[in-house]
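Numbering (the working numbering), first residue to last: 1 to 266. Yeah, the Cβ is synthetic: ideal placement off N, Cα and C, and Gly gets one too.
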Ligand code: IPD
Ligand code: CA
Ligand code: CA
Ligand code: CA
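Okay, here's the thing in structure tokens:
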């Protein structure tokens with residue numbers, strides 16, 4: 001994508017993210033409808049839906065040739081990665097939004113022909129916007145994020161993961177995950193995949209490992225991590241697929257190899 005075009009789309013996205021964030025904060029003051037999706041703990045609210053609808057309308061009116069993949073169903077039926085695609089999670093961390101009233105984010109990744117061009121992750125209640133433009137680095141608000149440290153080992157790492165990964169499960173050897181928990185410096189679980197990516201990009205966490213993310217959970221984070229010299233792949237080591245759910249490892253490259261020793265598929 002041409003630099004000037006990328007910049008223009010970025011300016012649009014940034015303006016809309018701030019506007020959407022303001023609407024979410026306002027809406028939170030009022031009563032809002034909470035429903036469940038696939039199971040009783042899989043929450044969605046009218047605010048998630050209204051926020052995605054807001055972006056869908058903005059994109060359609062301003063960039064009618066762009067496509068949208070969104071969690072809440074206001075997007076397009078996208079079958080290939082051709083053209084410009086906005087991949088949006090209107091609220092990442094809905095459980096946090098409902099229960100904690102904090103620690104949730106708007107996540108937007110913009111791709112052209114499968115290449116990540118623009119990433120935005122907005123921590124709505126902290127008013128912190130993480131951004132990345134391809135080849136131009138990543139930012140936390142106005143501050144450019146440095147490249148990730150080249151001096152990290154598992155022993156000194158903070159590992160992001162949901163604790164359920166260490167319980168008996170059908171996918172990975174939980175004993176190895178338990179060993180990772182013992183071997184690393186500490187674990188964290190924030191309940192918003194997008195924020196976990198942002199924290200790895202910021203260097204305040206060294207990796208995030210998870211067994212099931214949708215494209216809207218990682219699309220923005222992927223671009224941020226690229227721009228600080230990190231690595232994001234499926235847990236098998238394969239490249240991520242923008243059109244399906246993925247297992248994900250995103251990390252400081254220094255610990256990638258050692259980290260993979262702790263992930264053994266059953
Ligand atoms: C979820 C959050 C959560 C992660 C789940 C996601 P949602 O997204 O990112 O941290 O563990 O896999 O589905 O549903 O709150 O947008
Ligand atoms: Ca959801
Ligand atoms: Ca999500
Ligand atoms: Ca969501």
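Under the DSSP definition of a beta bridge, residue 112 partners with 84 and 115. In this structure, DSSP gives residue 242 a state outside helix and strand, which the three-state scheme calls coil.
Secondary structure of residue 28 (DSSP, three-state): helix.
By the beta-carbon neighbour count (other beta carbons within 10 angstroms, threshold 16), residue 197 is buried.
For residue 73 and residue 44, the gap between their C-alpha atoms comes out near 12 Å.
Contiguous beta strand (DSSP E) elements confined to the region 178-216 occur at 186-188 and 207-213, taking only those with 3 or more residues. For residue 128, the uninterrupted beta strand (DSSP E) segment begins and ends at 128-133.
Around the beta-carbon of residue 226, 16 or more other beta-carbon atoms lie within 10 Å, marking it buried. In terms of Cβ geometry, residue 252 and residue 209 do not form a close pair [threshold 9 Å]. For residue 164, no beta strand (DSSP E) segment is defined, and its DSSP state is neither H nor E. Rounded to whole angstroms, residue 13 and residue 152 show a C-alpha spacing of 34 Å. Restricting attention to 8, 224, 22 and 181, the CA atom closest to the CA of residue 261 is found in 181.
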